[in-house]
Amino acid sequence: MRCLLMLAAPDSRVPALVPCGTARQLGSSELVTACWCVFLCDTEQNLFIIIISLPHLRRIVDFVRCSLESHRRVSSRSATLINRVTYPAFRKGAVFSSSRNVLGCSCLLFLCRGTGLTVCNFMSHEKCLKNVNIPCSCIAPSHVRVPVAHCFGPPGHYKRKFCTVCRKSLESPAFRCEVCELHVHTDCILFVCSDCRQCHQDGHQDHDTYHHHWREGNLPSGARCEVCKKTCGSSEVLSGMRCEWCGMLAHAACYVVVTPECTFGRLRSMILPPSCVQLFSRNFSKLHCFRISENLQTESDEGDDVDGSTQGPAKDVQISTDSSKQTLKIFDGSDGVKRNQFRLISVPRIAKNEEVVEAALRAYYINDDQQEYELQTFTQQALLSDDVINRNDAAEDSNLGSVFRESVPEAWIIRAKPKDEEVIRIYPAWLQEGTAYISLRVNRDSTTQTVIKEVLPLLGRQAECLQNFRLVEVLMGGKQVQRMVLDSQKLILNRLEDIKKISIRQMNQTRFYIVENSKSTVQVNVFVGGLPPQLSPEEYMNILKDELAIKTNVVSLSHVYQAQGAVVLEISCFSEAERIYMLVKDTTINDKPLNAVVIPEVMASKIPQNCWPLLVFVNPKSGGLKGRDLLYCFRKLLNPHQVFELTNGGPLPGFHTFSKVPSFRVLVCGGDGTVGWVLGALEEIRHKLVCSEPSVAILPLGTGNDLGRVLRWGAGYSGEDPYSILISVDEADNVLMDRWTILLDAEEPAEGAENGVAEPEPPKIVQMNNYCGLGIDAELSLDFHHAREEEPGKFNSRFHNKGVYVKVGLQKISHTRNLHKDIKLQVDQREVELPNIEGLIFINIPSWGSGADLWGTDSDDRFEKPRIDDGLLEVVGVTGVVHMGQVQSGFRSGIRIAQGSYFRVTLLKPIPVQVDGEPWIQAPGQIIISAAGPKVHMLKKSKQKKKKLEA
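Numbering (full-length UniProt numbering), first residue to last: 1 to 951.
Take a look at the structure:
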């Protein structure tokens, strides 16, 4: 380590960044912006700063922005400030021996005010201060490298989780980001800064090298630090750090020595690198970008508009019953007044204006000098008329009196006092090594053009034309990053005053970027499904013109999927893309609703050679309804752009997104029906994929999960760690599996046909992976299907689903159906006589009815030993419900009838039919079963991995 000494006079200033490892003068409005450990000592004339630079650290550190005058109010005591600090894990509510042993927000306590008042509820032993390394919530926005908004899901209850803003336990409903490990109270969501993972390039600060994206706390109690190998997790407090890309865990005191570049960890071969994904999403919310169902947002659609009655920190400040204290309602600007968003503070009744201002700033996580702000009061009737009374314009001695000297107002509003000049930070929009921002002093005459003129020489761009640059104002809100280009003649100081008048909280989250003018082409890809199939591109374009009134000068068809009735629109205008997206959701064609999905562009040329990204499909409605949690886990472990929810457009948008990827794998999370759905879509679109034969793994979420059992993925998902599942997928073995095509050709019904079959059904083709059943087997599946449609909310566990199967089976136990008299069977062009049976089943895999071996293990010279890739189907019969129960119990096997590769079944009457668990009533006619094209590549869980886990 090396030590440097800095000396700054009160009236000097530094217009540019102080880089790490150099000594410069420090101004009255500046602090060191590239250092790792700082010790402050106040004297009468000077401020001495010792900087200790730690090796391997490149991150730009930003300290609290306040003046030397505020430092001198530390009462001439020596103070220790450690920039990014960790703290030991204390139990909430612990009793300390003295007040000096408990520090509330150590990074603010000494520097800003030097009092024992807490801001973000940070606590530490006095002896542990040398290891403190965590920024306070009040300066967290200044630590953001690239602003990226969060994607908050619906409010929920999260056990043993802690709020990132106030650091308290989430005892009430709270929000969590669907992309990163961020949890926050409902009344703290306004103070979340946009520090989510950057999962794609959007034209703003794009780069190919990714650093660790650290998130503090909410680690499992058994987590171990990668640096010191000691326990770093806790279920009692917010402690420990985790990289949200590679999953590295570390103490807050240890992670600073980790190399900043992230290699994506053990899952690097499965993660789609963010530098390979491009998505222009200026007008789209994060929910739209990551294809998250909006029906989950019914409780949280208000977002920042949550009623003020819930925004007040009720968990922090209760209505005071102490006669010496008073609870006040504080607004931070006109925006808070309009939205009725406020914070509650509790102050003594004899409190002066300065003390109330200080408490109000603390409630809004503002660390500025309270002398720069003033209190204003107004009545409830004045909320609409903006008739605000400034109580601070009275005589100076009245400011020193109690704010409650007369009557207590219903609410207060805190305003920033106007200034003649101010120091602002200008960030370069390009990521420049060694430069975080430029500090610049502006006055009443400073415009956008003059600011650009002063900043360019400090960035080494003095030879370039001013017209090639623009100044962009960026509001780094937790839910949305808003950008606005400032006019060249805009008065900067007036703009700052406008922002502070709207909200002092928003001022703390606002940055100014200097951006090069570029003629980047806007390209938004929107997938539109639900259109009539088998139409020409011209016909699809005419339908879109009629239904959506698209503008052909900015909208074109880039891809057409005729068989599926879907198109991909390439739109070169943000506003038109947003209009089309919102309009599609309310449009129906032929009584069928359309669906729209925002599709990212995967730049295949940038994908590393040793990377085989995993395309994940999740059906949240399968089996035990555990798909929602898996969606969240896989979005967090992988790039969210490679995780697709099947209820939002089906599998086609995912395959289209990966159509140019040279090599990838697929993970299907769902039941056997879901697997068949994805494999069918893959067969239809195979010819349009660069990787035409991706290997498919299964995470069984259904009730039976027979294919998952055969491929060793288990009988069903029961809460295993999603990370270990991804490791198993990465180490799985590649195997081949037959698939079969079933042609259903209904003929004219004979006289006396059953009611409900008025006319023959048109011929249709379905694909089969596991088995196809006729008779009693399909009848039970049909009854179960009807029961689930009537009360879908009850079918949320495998145990309940199997119980319903047993119930419907008992109801059919006395029924008799002479199936052998109602159908005829041909196998490989020869007639086969059927025994007296009630059910006929064609099986492709050695598992049926939740793991039963219907074919059996007995050797038989008439037939070959079944395999999933032998090109043959086995035909088995069952005599009734009792026989099926005996097979599932392992006491008997089915009646072996035939084995072959081509089958023709003639139905003489309507009969229940089911294919891979999807049942229906089939009209009289022909059923032809034959092999379906090439075999599919499946991933079979490796036995070696299982032994390794057991060891």
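The beta-carbon is built from N, C-alpha and C at its ideal position, and this holds for glycine as well.
Handout entry: Separation of residue 681 from residue 156, as counted between CA atoms
Key = Straight-line Cα distance between these residues: approximately 35 Å.
Problem - Closest residue to residue 229 among 248, 677, 265 and 282 (Cα-Cα distance) - result: Cα-wise, what sits closest to residue 229 is 248.
Practice task
Just mark residue 786 as buried or exposed, buried being the case when its beta carbon has 16 or more other beta carbons within 10 Å.
Solution key: With fewer than 16 neighbouring CB atoms inside 10 Å of its own CB, residue 786 falls in the exposed class.
Handout entry: Secondary structure, alpha helix (DSSP H): runs of 4+ residues fully inside the stretch 560 to 590
Key = The alpha helix (DSSP H) runs lying completely inside the stretch 560 to 590 and spanning 4 residues or more are 574 to 584, given in chain order.
Exercise for the section: Report the three-state DSSP secondary structure of residue 429 (helix, strand or coil). Expected result: DSSP places residue 429 in coil when its eight states are reduced to three.
Problem - Selection from 717, 140 and 903 that minimises the alpha carbon distance to residue 508 - result: When only C-alpha atoms are compared, the closest one is 140.
Practice task
Give every residue of the same chain whose Cβ lies closer than 7 Å to the Cβ of residue 452, excluding the five residues on either side of it in the sequence, and list them in chain order.
Solution key: Here the set comprises 466, 469, 471 and 514.
Exercise for the section: Check residue 214 in the structure and name its three-state DSSP category. Expected result: Residue state, collapsed to three classes: strand.
Practice task
Say whether the stretch 521 to 540 touches the stretch 560 to 577, bearing in mind that this needs 3 or more beta-carbon pairs closer than 8 Å, one atom from each stretch.
Solution key: Counting Cβ pairs under 8 Å, three or more are found: they touch.
Problem - Validate contact between the stretch 838 to 847 and the stretch 686 to 696 using beta carbons, cut 8 Å, 3 pairs - result: These segments do not touch.
Handout entry: Helix, strand or coil at residue 191 according to DSSP, with G and I counted as helix
Key = Helix.
Handout entry: Reference residue 293; option with closest CA among 766, 153, 886 and 278
Key = For the residues 766, 153, 886 and 278, the minimum Cα distance to residue 293 belongs to 153.
Practice task
Compute the distance between the beta-carbons of residue 548 and residue 587, then report whether it is under 8 Å.
Solution key: In this structure, residue 548 places its C-beta atom within 8 Å of the C-beta atom of residue 587.
Problem - Residues bridged to residue 695 [DSSP beta-bridge criterion] - result: The partner list for residue 695 (beta bridge, DSSP) reads 665.
Exercise for the section: Note down, in chain order, each residue of its chain lying with its Cβ closer than 6 Å to the Cβ of residue 456, except the 5 sequence neighbours on either side. Expected result: Only 462 meet the Cβ criterion.
Problem - According to DSSP, residues forming a beta bridge with residue 177 - result: Its beta-bridge partners are 152.
Handout entry: Check whether residue 476 and residue 193 have beta carbons under 8 Å apart
Key = With contacts defined as CB atoms closer than 8 Å, residue 476 and residue 193 qualify as a contacting pair.
Practice task
State yes or no: is the C-beta of residue 180 within less than 8 Å of the C-beta of residue 170?
Solution key: Residue 170 is positioned such that its CB atom lies no closer than 8 Å to that of residue 180.
Problem - Beta-carbon spacing of residue 907, residue 919 below 8 Å - result: Their beta carbons are not under 8 Å apart, which means residue 907 does not touch residue 919 by this criterion.
Problem - Whole runs of the beta strand (DSSP E) within the UniProt domain "Phorbol-ester/DAG-type" (211 to 262), excluding any shorter than 3 residues - result: Runs of the beta strand (DSSP E) spanning 3 or more residues and lying entirely within the UniProt domain "Phorbol-ester/DAG-type" (211 to 262) occur at 214 to 216 and 241 to 243, in chain order.
Handout entry: Bridge partner(s) assigned by DSSP for residue 740
Key = DSSP output for residue 740 lists 768 and 931 as bridge partner(s).
Problem - Straight-line gap, residue 56 to residue 254 (C-alpha atoms, nearest Å) - result: Only weak support exists for where residue 56 lies, its pLDDT of 35 falling under 50; the value from the coordinates is given anyway. Cα-Cα distance, rounded: 12 Å.
Problem - Where residue 5 falls: helix, strand or coil (DSSP) - result: With a pLDDT of 35 at residue 5, under the threshold of 50, the predicted position of this residue should be treated as unreliable, and no value is reported.
Practice task
Answer yes or no: do residue 938 and residue 844 have a C-beta to C-beta separation smaller than 8 Å?
Solution key: In this structure, residue 844 does not lie closer than 8 Å to residue 938 by Cβ.
Practice task
Have a look at residue 84 and residue 252 and give me their C-alpha separation to the nearest angstrom.
Solution key: With a pLDDT of 30 at residue 84, under the threshold of 50, the modelled position of this residue cannot be trusted; read the value that follows with caution. Distance between the alpha carbons of residue 84 and residue 252 is about 8 Å.
Exercise for the section: Name the two residues that bound the continuous alpha helix (DSSP H) containing residue 334. Expected result: Start and end: 334 to 339.
Handout entry: Given 8 Å, three or more beta-carbon pairs between the stretch 730 to 742 and the stretch 878 to 893
Key = Result no; under three Cβ-Cβ pairs closer than 8 Å.
Exercise for the section: Measure the C-alpha to C-alpha separation of residue 560 and residue 663 and round it to an integer number of angstroms. Expected result: Straight-line measurement puts the Cα of residue 663 at about 23 Å from the Cα of residue 560.
Handout entry: Sequence-distant residues of the same chain with beta carbon closer than 8 Å to residue 540, five excluded per side
Key = Non-local beta-carbon contacts of residue 540 in its own chain, meaning distances under 8 Å to residues more than five positions away in sequence, involve 531, 557, 560 and 567 in chain order.
Exercise for the section: Please name the residue in 738, 246, 333 and 282 whose C-alpha comes closest to that of residue 202. Expected result: Selected option, being the one with the closest Cα: 282.
Problem - Limits of the unbroken alpha helix (DSSP H) element including residue 820 - result: Looking at the DSSP string, the run of the alpha helix (DSSP H) that includes residue 820 is 819 to 822.
Practice task
Find the nearest neighbour of residue 562 within the set 619, 147 and 688, judged by alpha-carbon distance.
Solution key: Of the listed residues, the one whose Cα sits closest to residue 562 is 688.
Practice task
Report yes if the CB atom of residue 770 is closer than 8 Å to the CB atom of residue 707, and no otherwise.
Solution key: Their beta carbons are under 8 Å apart, which means residue 770 touches residue 707 by this criterion.
Handout entry: As assigned by DSSP and simplified to three states, the class of residue 896
Key = The DSSP-derived three-state label of residue 896 is strand.
Exercise for the section: Can you give me the Cβ contacts of residue 481 inside the same chain, cut-off strictly under 8 Å, excluding the 5 residues immediately before and after it? Expected result: These residues qualify, in order along the chain: 147, 148, 149, 194, 474 and 475.
Handout entry: the stretch 599 to 619 / the stretch 646 to 654 touching (three or more Cβ pairs under 8 Å)
Key = As far as the Cβ criterion goes, the stretch 599 to 619 touches the stretch 646 to 654, which means the pair count is three or higher.
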